[in-house]
Amino acid sequence: MATAKDVVAGYFAAFNAGDTAGMLACLSDDVAHHVNEGQVRVGKDKFAAFCDHMSRCYREELTDMVIFEAEGGARAAAEYIVNGTYLATDEGLPEAQGQTYRLPAGSFFSVEGGKITRVVTYYNLADWLQQVS
Numbered sequence: 001m002a003t004a005k006d007v008v009a010g011y012f013a014a015f016n017a018g019d020t021a022g023m024l025a026c027l028s029d030d031v032a033h034h035v036n037e038g039q040v041r042v043g044k045d046k047f048a049a050f051c052d053h054m055s056r057c058y059r060e061e062l063t064d065m066v067i068f069e070a071e072g073g074a075r076a077a078a079e080y081i082v083n084g085t086y087l088a089t090d091e092g093l094p095e096a097q098g099q100t101y102r103l104p105a106g107s108f109f110s111v112e113g114g115k116i117t118r119v120v121t122y123y124n125l126a127d128w129l130q131q132v133s
């Protein structure tokens, strides 16, 4: 069975490839998605809808990735840089005009049976707002 680190690496490889189906394949059906500055969304369908929205508004590539795995393999974390372009105005945020941004971020994961059951993502929203305003 794949380690938590392997599962998370596959998830991020799919993210960087723009492969939502590949990301979904890494998730449990009842995945809990904790969005930065947002509500918890439960289930692959809500995660897929979130990905569709993000793909419409943003183009992002993650670099400088470091993935950590907790002893026992049930949890993992990653630190990375988000390199993005703001493509379409997201509700309640500044107008999109193709602004680019570079933002440190991190994610935390729970993994059971080779699937991600929890995704938590954090970044500095004030930093992002300053970069795109």
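All letters in the sequence shown, in the order written, are residues 1 to 133 by full-length UniProt numbering.
Even glycine gets a Cβ: it sits at the ideal position worked out from N, Cα and C.
- Taking a contact to require three or more Cβ pairs closer than 8 Å, the region 22-34 and the region 73-92 do not qualify as touching.
- In this structure, T121 sits near N36, with a CB-CB distance shorter than 9 Å.
- The C-beta distance from R59 to G38 rounds to 20 Å, too long to meet the 8 Å contact threshold.
- Taking the C-beta atoms as reference points, L62 is found no nearer than 9 Å to V119.
- Here A2 has G114 as same chain residues with Cβ atoms under 6 Å from its own Cβ, once five neighbours each way along the sequence are excluded.
- A distance of 9 Å or more separates the beta carbons of A13 and F109.
- Secondary structure within the UniProt domain "SnoaL-like" (8-119): the beta strand (DSSP E) runs of 3 or more consecutive residues, fully enclosed, are 27-34, 40-42, 58-69, 75-86, 100-112 (chain order).
- Judged by their CB atoms, V31 and F15 are not nearer to each other than the 9 Å cut-off.
- One alpha carbon belongs to I67, the other to A96, and they sit about 31 Å apart.
- Secondary-structure assignment with DSSP links T121 through a beta bridge to S107.
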